[in-house]
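**Q**
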Amino acid sequence: MDDEEVAIFAYTALKIIREKKRVQRKWWVHPINSERLLHGDFYTLYSRLRADNVSFFNYFRMSLTSFDELFAKIKHKIIRQDTNMRSAIPPEEMLAVTLRYLGSTNNLHDLHYAYRIGRSTLSNIVQTVCQQIWDVMSSECMPTPNEEDWKKIAEGFQHRANFPHCLGAVDGKHIRITKPPGSASLYFNYKHFYSIVLLAVADSNYRFTYIHVGSFGKDSDSTIFKNSSLWDKLQNNSLNIPSPNFIPSINIPIPYAFVGDEAFGLSTNVLRPYAGKYLQDIKRTFNYRLSRARRYVECSFGILSNKWRIFHRPIDVNVEFAIDIVKCCCVLHNFVRDRDGFKFDDTLTITGMEDLDYDNNLYANRSVNRYRDALANYFVSEDGQISWQNEKI
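Each residue of the sequence shown is one higher than the one before, counting from 1 in UniProt numbering.
(1) Could you tell me the boundaries of the beta strand (DSSP E) in which Y210 lies?
(2) Mind checking which residues open and close the alpha helix (DSSP H) that includes D355?
(3) What is the DSSP secondary structure of R176, counted as helix, strand or coil?
(4) How many Å lie between G214 and R100 at the Cα?
(5) Does the separation of the CB atoms of T347 and I303 fall below 7 angstroms?
(6) Going by C-alpha to C-alpha distance, which of K73, I254, D261 sits closest to C141?
(7) Considering S138, what are the terminal residues of the alpha helix (DSSP H) in which it resides?
(8) Would A184 be called buried (16 or more neighbouring beta carbons within 10 Å of its own) or exposed?
(9) Quick one: grab the DSSP three-state call for I282.
(10) Indicate the three-state DSSP secondary structure (helix, strand or coil) for Y190 in the structure shown.
(11) Could you check whether R116 and G40 sit closer than 7 angstroms to each other, using their CB atoms as the reference points?
(12) Please report the straight-line C-alpha distance between N369 and S300, rounded to a whole angstrom.
(13) Starting from V201, trace the beta strand (DSSP E) both ways and give me its first and last residue.
(14) Going by Cα to Cα distance, which pick from L271, D338, D345, V97 is closest to G168?
(15) Within the same chain, show all residues whose beta-carbon is closer than 7 angstroms to that of F157, passing over the 5 residues directly before and after it, in chain order.
(16) So, is S195 buried or exposed, given that buried needs 16 or more other C-beta atoms within 10 angstroms?
(17) Given a cut-off of 7 angstroms, decide if F246 and P253 are closer than it, judged by their beta-carbon atoms.
(18) Flag S195 as yes if its beta-carbon sits less than 7 angstroms from any beta-carbon of chain C, otherwise no.
(19) Quick one: give me the first and last residue of the alpha helix (DSSP H) that V319 is part of.
(20) Is I241 helix, strand or coil by DSSP?
(21) I'd like the span of the beta strand (DSSP E) that includes F258, first residue to last.
(22) Tell whether a beta-carbon distance below 7 angstroms holds between I393 and R284.
(23) Short check: CB of R309 to CB of T105, under 7 angstroms?
(24) Look at the alpha carbon of P242 and the alpha carbon of H112, and state the distance between them as a whole number of angstroms.
(25) Among S249, S63, D110, F225, which one has its Cα closest to the Cα of T307?
(26) By the three-class DSSP mapping on this structure, what secondary structure does D232 have?
(27) Between the C-alpha atoms of N251 and F286, what's the straight-line distance to the nearest angstrom?
(28) Might you give, ordered along the chain, the residues of its own chain that have their beta carbon closer than 7 angstroms to the beta carbon of M94, omitting 5 neighbours on each side?
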């Protein structure tokens with residue numbers, strides 16, 4: 001065979017192989033999906049839900065007025081054009097199916113049958129809506145605080161938790177995901193499941209003021225915190241934090257600081273409890289007072305996980321999509337919190353999220369310790385003590 005015959009033979013063989021591998025589509029639109037306008041949940045249930053405020057809230061996890069406000073803000077970002085081949089899915093239906101996905105334990109396959117939308121189309125819709133909710137709403141619902149905002153946050157902690165100069169409570173949680181392909185053990189955490197990490201700061205109104213999403217599940221709290229943009233801004237003094245000032249009974253200016261658990265390193269703007277089991281009463285009192293402030297981020301996680309029940313199961317999408325979902329849920333948490341409030345029972349338990357691992361190799365210099373020691377003395381002074389604290393330590 002000459003070169004020309006060899007080329008013809010190879011081309012013919014390749015064409016035959018490709019034709020054998022090609023899957024013939026039985027339908028342009030699957031019969032189940034073709035009945036979307038007749039039997040899809042949006043067309044059979046949505047209008048009835050709008051007529052019943054309680055049912056609407058239970059189904060979409062927000063009030064009717066909040067839904068309409070959210071839709072008005074993102075509609076122009078998610079609307080699609082009709083084509084000669086098919087009509088585009090309306091933006092209101094796109095938002096409805098996304099909120100149902102985030103607010104229930106249903107996966108994309110479940111909603112594919114309920115809403116009569118193709119699985120891949122549904123995936124694209126949910127990711128697009130999640131991205132647009134974050135892009136449009138984050139600047140309104142989770143803005144970067146300025147100096148006056150920090151002071152108001154600190155006043156809230158002083159009023160509600162009796163903790164002065166507190167900028168927020170910081171903590172992290174493991175968000176369950178299915179194993180990402182080719183990830184080896186990067187996302188495998190000490191609790192023996194796959195996860196990405198949500199690091200968050202909350203104020204005394206159970207609102208998130210900062211989030212960092214997507215760190216590997218194997219990382220500890222302190223590692224994630226020091227790799228976050230919040231830590232970089234703390235080190236660069238670019239957070240517009242108010243200058244240290246005096247507190248009654250303390251003879252040195254006290255810096256404003258975030259409060260965290262034992263996993264976070266002690267620094268000028270980060271306070272953690274005293275370590276150890278057999279502590280003096282003054283240190284035990286400080287730990288109790290700090291825990292009262294730190295509980296606000298734990299309660300915020302409880303509200304988040306019980307409102308948006310996608311966190312009750314492993315998120316079975318790729319990592320980038322999962323990050324979009326978590327960011328969207330956090331901004332929706334603030335959006336709904338501001339408009340519809342929260343259920344107290346949701347603050348009591350955190351479902352589907354796990355604490356991060358501790359890093360015990362954390363050290364602090366004496367100049368940092370003196371601020372914590374000064375606050376510890378303040379909490380047992382006449383100016384700083386609260387009447388019931390001795391009963392709690």
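Backbone N, C-alpha and C define an ideal beta-carbon position, used for all residues, glycine too. Because the structure is a prediction, the values reported are computed rather than measured.
**A** According to the structure shown:
(1) In the sequence shown, the residue the question calls residue 210 occupies position 210. 208-216 is the span of the beta strand (DSSP E), which, as asked, contains Y210.
(2) For the purposes of this step, residue 355 is taken as residue 355 along the sequence shown, with counting starting at 1. Where D355 is concerned, there is no enclosing alpha helix (DSSP H), although the beta strand (DSSP E) it sits in stretches over 353-355.
(3) Position 176 of the sequence shown, counted from the first residue, corresponds to residue 176. Residue state, collapsed to three classes: strand.
(4) Reading the sequence shown from its first residue, position 214 is the one you call residue 214. Reading the sequence shown from its first residue, position 100 is the one you call residue 100. If I take the Cα positions, the gap works out to 23 angstroms.
(5) As a first step, residue 347 must be located in the sequence shown, where it is residue number 347. As a first step, residue 303 must be located in the sequence shown, where it is residue number 303. It is a contact, given that the beta carbons lie within the stated cut-off.
(6) In the sequence shown, the residue the question calls residue 141 occupies position 141. Nearest C-alpha to C141: K73.
(7) In the sequence shown, the residue the question calls residue 138 occupies position 138. Taken as a continuous stretch (DSSP letters only), the alpha helix (DSSP H) holding S138 covers 119-141.
(8) Reading the sequence shown from its first residue, position 184 is the one you call residue 184. Answer is exposed; the Cβ neighbour count stays below 16.
(9) Here residue 282 is taken as the residue at index 282 of the sequence shown, counted from 1. DSSP places I282 in helix when its eight states are reduced to three.
(10) Taking the first residue of the sequence shown as position 1, residue 190 is located at position 190. Coil, per DSSP.
(11) Indexing the sequence shown from 1 puts residue 40 at position 40. Indexing the sequence shown from 1 puts residue 116 at position 116. Yes, Cβ-Cβ distance for G40 and R116 is below 7 angstroms.
(12) Counting from 1 along the sequence shown, the entry for residue 369 is found at position 369. Counting from 1 along the sequence shown, the entry for residue 300 is found at position 300. If you take the alpha carbons of N369 and S300, they lie about 28 angstroms apart.
(13) Mapped onto the sequence shown, residue 201 falls at position 201. First-last of the beta strand (DSSP E) with V201: 195-202.
(14) Here the question's residue 168 lines up with position 168 in the sequence shown. Nearest C-alpha to G168: L271.
(15) If you number the sequence shown from 1, residue 157 lands on position 157. Same-chain partners within the cutoff: F163, C166, S204, A293.
(16) Residue 195 sits at position 195 when you count from the first residue of the sequence shown. The residue in question, S195, is buried, as its Cβ has 16 or more Cβ neighbours within 10 Å.
(17) In the sequence shown, the residue the question calls residue 253 occupies position 253. In the sequence shown, the residue the question calls residue 246 occupies position 246. Contact flag set, yes.
(18) Note that chain C does not occur in the displayed structure, where there is just one protein chain.
(19) Mapped onto the sequence shown, residue 319 falls at position 319. Run containing V319: 319-340, per the alpha helix (DSSP H) assignment.
(20) To locate residue 241, count along the sequence shown from 1; it is residue 241. Residue state, collapsed to three classes: coil.
(21) The residue labelled residue 258 in the question sits at position 258 within the sequence shown. Start and end: 257-259.
(22) Along the sequence shown, read from residue 1 onward, the residue named residue 393 stands at position 393. Along the sequence shown, read from residue 1 onward, the residue named residue 284 stands at position 284. In contact: I393 and R284 (Cβ atoms closer than 7 angstroms).
(23) Within the sequence shown, numbered from 1, the residue matching residue 309 stands at position 309. Within the sequence shown, numbered from 1, the residue matching residue 105 stands at position 105. Their beta carbons are under 7 angstroms apart, which means R309 touches T105 by this criterion.
(24) Your numbering for residue 242 matches position 242 in the sequence shown. Your numbering for residue 112 matches position 112 in the sequence shown. One C-alpha to the other measures close to 51 angstroms.
(25) For this step, residue 307 is matched to residue 307 along the sequence shown. For the record, residue 307 in the displayed sequence is Lys; it is not Thr. Selected option, being the one with the closest Cα: S63.
(26) Position 232 of the sequence shown, counting from 1, holds the residue named residue 232. Helix at D232.
(27) Along the sequence shown, one-based indexing puts residue 251 at 251. Along the sequence shown, one-based indexing puts residue 286 at 286. Looking at the two C-alpha atoms, the distance is approximately 18 angstroms.
(28) Residue mapping note: residue 94 aligns to position 94 of the sequence shown, counting from 1. Taken in chain order, the residues that qualify are I78, I125, V129.
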